[in-house]
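Undergrad: Quick one: structure below, then a few questions.
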Amino acid sequence: MPANGGSGSNLDLLKGLRELYEVTGGGSSKVTVAVIDGPVDFTHEVFVGADLRTALGANSMSAEAGNSMAEHGTHVASILFGQPGTEVEGICPGVRGIIIPVYDAKTGSAPQLEVARAIELAIEEGADIINFSGGQYSDTGLADQWLSDAVARCAEAGVLLIAAAGNDGCECLHVPAAAASALAVGAIDSAGEPMDFSNWGHGYACNGITAPGADILGAVPGGGVSRLSGTSFATPMVVGVAALLLSKGRESVSGVAPSALMIREIMLRGSAPCGSNDTNICQRLLSGTIDVEGAVAAMSEAMVLGPTGVSPAGGCGCGGSSQSANAESGVSASVRPSMADAPEGQNMVYALGNLSYDFGTEARRDSFKQLMPPVEINGDVVPANPYDARQLVAYLGENVSEARALTWTLNVELTPVYALEPTGAFGADLYGRLVEILAAEILGEGEEDHIQRVSIPGRLTGNTVRL
1092 MPANGGSGSN LDLLKGLREL YEVTGGGSSK VTVAVIDGPV DFTHEVFVGA DLRTALGANS
1152 MSAEAGNSMA EHGTHVASIL FGQPGTEVEG ICPGVRGIII PVYDAKTGSA PQLEVARAIE
1212 LAIEEGADII NFSGGQYSDT GLADQWLSDA VARCAEAGVL LIAAAGNDGC ECLHVPAAAA
1272 SALAVGAIDS AGEPMDFSNW GHGYACNGIT APGADILGAV PGGGVSRLSG TSFATPMVVG
1332 VAALLLSKGR ESVSGVAPSA LMIREIMLRG SAPCGSNDTN ICQRLLSGTI DVEGAVAAMS
1392 EAMVLGPTGV SPAGGCGCGG SSQSANAESG VSASVRPSMA DAPEGQNMVY ALGNLSYDFG
1452 TEARRDSFKQ LMPPVEINGD VVPANPYDAR QLVAYLGENV SEARALTWTL NVELTPVYAL
1512 EPTGAFGADL YGRLVEILAA EILGEGEEDH IQRVSIPGRL TGNTVRL
């Protein structure tokens, strides 16, 4: 639970955390924590003396000042590994740290495939716990097959994946946090109240806890410190506590040492339940608020009882997302850091032009042709023509979810200039809006609802699409 007062150190944000830190000496070298994030400025003074390195085979990325993804990665890493006596006292500075950069500075995101590879690399590097302060909004809570497989392998290897719940401020899920075996992390403020931007949802009520995520102290590439807010920075608070608990178990000379996945169940079971009568607040606190003292007590019990003292990972029966299932084909396969503010590396645009669409492949075009009902032309019933915008609009009006399978474009003088990809909490609604705009564009100029051009706000990702 949040501590009252404090010196400004992250160690004073949770009651009982400093005591656990002192008992474990800041963590054991027998515990390895991997951070999948942006690049980290290893030259920052807070990391001097830390057992910290980039994973072999990981992407080589610049951590220079001004790189927003390096700012994110360095901040997260310092919350964990910042050395004693420096400007940022890390929560588990004594553990081994493995950095696996995935976020591209230009796009502020990483493909789910890249994240899946990073998870597998973390497993190969011997990670016990993985910190992933990012995610991708998902209507279903299901990831792409590559990421689902990597998360499943993570659980099979006994590695605990702790991931940010997301900052959409809605009852919605992010992947991989929504995976049944992961531990999702939401954000609370200094008063213990859920922060407005922190996601919640039925799945998180089973596998999620909340932790301090407001004005968390961290290092800045090139020197200095800053305070940032978001589920991104609540996540390493939870990871740090998990690493200390695992350290305590592994250094113990008596009892049964808990596994990393047992630590997950211990933290969930030891969390502080919602004390409010407001159902909405309780839902937004997920399964409860992190309670260091409660977790320590639960672990002591588990070490006496052994593995039967806690439930198996993912076995709480809340209907969490199955890791073996495929995500919907239209889900955007990229993840972003879970910061409260948008990445600075993405430029806003307000594009003006005509909305259009492309099938991407002949197979997808043929799929639409088979799905669309036949039409009657001059008394003859003929197969549908997906290139006829009127026929396509009629079909999509009844099957809006199929709009995800198209590549939507904004054309200037008949030339496709931008590919449009609705994301976020209202992504599904935006696809419906695109269908409505296309329907208005194909009306005759004299018709009441005709649209000649449309202006669409968005962010440049730096990605390209083959049409």
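With this note's numbering applied, the sequence shown has no gaps in its numbers, which climb one by one up to 1558 at the end.
Glycine residues also receive a C-beta, built at the ideal position from the N, C-alpha and C atoms.
Since this is a predicted model, take the numbers as computed values, not measurements.
Figure out for me which residue from V1330, P1192 and Y1228 has the closest Cα to the Cα of P1267.
TA: With distances taken between Cα atoms, P1267 lies closest to Y1228.
Undergrad: Would the beta-carbon of I1220 fall within 7 Å of that of A1334?
TA: A contact, by the Cβ cut-off of 7 Å.
Undergrad: In whole angstroms, give me the CA-to-CA distance for D1520 and E1180.
TA: When rounded, the distance between both Cα atoms is 44 Å.
Undergrad: Could you check where the alpha helix (DSSP H) with E1110 kicks off and where it finishes?
TA: That run of the alpha helix (DSSP H) goes L1108 to T1115.
Undergrad: Is the separation between the beta-carbon of F1223 and that of A1254 shorter than 7 Å?
TA: In contact: F1223 and A1254 (Cβ atoms closer than 7 Å).
Undergrad: Hey, could you find the ends of the beta strand (DSSP E) E1247 is sitting in?
TA: Run containing E1247: none in the beta strand (DSSP E); it sits in the alpha helix (DSSP H), Q1236 to E1247.
Undergrad: What alpha helix (DSSP H) runs, 4 residues minimum, are completely inside the stretch 1135 to 1205?
TA: The stretch 1135 to 1205 contains these whole alpha helix (DSSP H) runs: 1159 to 1172.
Undergrad: Residues bridged to R1550 by DSSP?
TA: DSSP output for R1550 lists M1439 as bridge partner(s).
Undergrad: Tell me whether the beta-carbon of L1171 lies closer than 7 Å to the beta-carbon of V1383.
TA: In this structure, V1383 does not lie closer than 7 Å to L1171 by Cβ.
Undergrad: Quick check: the Cα distance between A1146 and S1367, rounded to an integer number of angstroms?
TA: Distance between the alpha carbons of A1146 and S1367: 44 Å.
Undergrad: Can you tell me the Cα-Cα spacing of L1251 and S1317, whole angstroms?
TA: Computed Cα separation, rounded: 28 Å.
Undergrad: Which of helix, strand or coil does DSSP assign to L1598?
TA: As displayed, the chain neither begins before 1092 nor continues past 1558, which places residue 1598 out of reach and without an answer.
Undergrad: Where does S1224 fall in DSSP's three states?
TA: The answer is coil: DSSP assigns S1224 none of H, G, I, E or B.
Undergrad: What residues are listed by DSSP as bridge partners for G1299?
TA: G1299 pairs with A1275.
Undergrad: Per the contact definition of three or more C-beta pairs closer than 8 Å, is the stretch 1272 to 1281 in contact with the stretch 1312 to 1327?
TA: Counting Cβ pairs under 8 Å, three or more are found: they touch.
Undergrad: Alpha carbon to alpha carbon, what distance is there between P1130 and V1124?
TA: V1124 and P1130: Cα-Cα distance of roughly 16 Å.
Undergrad: CB-CB under 7 Å to L1212, same chain, minus the five flanking residues each way: which ones, in chain order?
TA: Result list for L1212: A1146, G1148, A1149 and I1191, in chain order.
Undergrad: Rank A1234, V1440, P1312 and V1472 by C-alpha distance to the C-alpha of F1133 and give the top, closest one.
TA: Comparing Cα positions, the closest option is P1312.
Undergrad: Look up I1372 in the DSSP assignment and say whether it is helix, strand or coil.
TA: Correct three-state label for I1372: helix.
Undergrad: By the 10 Å Cβ neighbour count, where 16 or more other Cβ atoms means buried, how is D1540 classified, buried or exposed?
TA: Under this definition D1540 is an exposed residue.
Undergrad: For the beta strand (DSSP E) containing L1377, name the first residue and the last one.
TA: No beta strand (DSSP E) contains L1377, which DSSP labels as neither H nor E.
Undergrad: Helix, strand or coil for Y1522? Go by DSSP, reduced to three states.
TA: Y1522 falls in the helix class under three-state DSSP.
Undergrad: Measuring only the C-alpha atoms, how far is M1463 from I1528?
TA: Those two C-alpha atoms are separated by around 20 Å.
Undergrad: Return yes when the Cβ of G1164 is within less than 7 Å of the Cβ of D1128, no when it is not.
TA: Yes. Within cutoff.
Undergrad: Are the stretch 1282 to 1291 and the stretch 1195 to 1209 touching, with three or more C-beta to C-beta distances below 8 Å?
TA: Segments in contact, no.
Undergrad: Identify, in the order they occur along the chain, each residue of the same chain with its Cβ nearer than 7 Å to the Cβ of S1119, setting aside the five sequence neighbours on each side.
TA: G1185, V1186, S1338, R1341 and E1342.
Undergrad: Taking the alpha-carbon of V1126 as reference, which of M1439, E1216 and V1440 has the nearest alpha-carbon?
TA: If we check each option's Cα against that of V1126, E1216 comes out closest.
Undergrad: Out of Q1203, E1536, E1532 and V1387, which one is the CA nearest neighbour of P1349?
TA: For the residues Q1203, E1536, E1532 and V1387, the minimum Cα distance to P1349 belongs to V1387.
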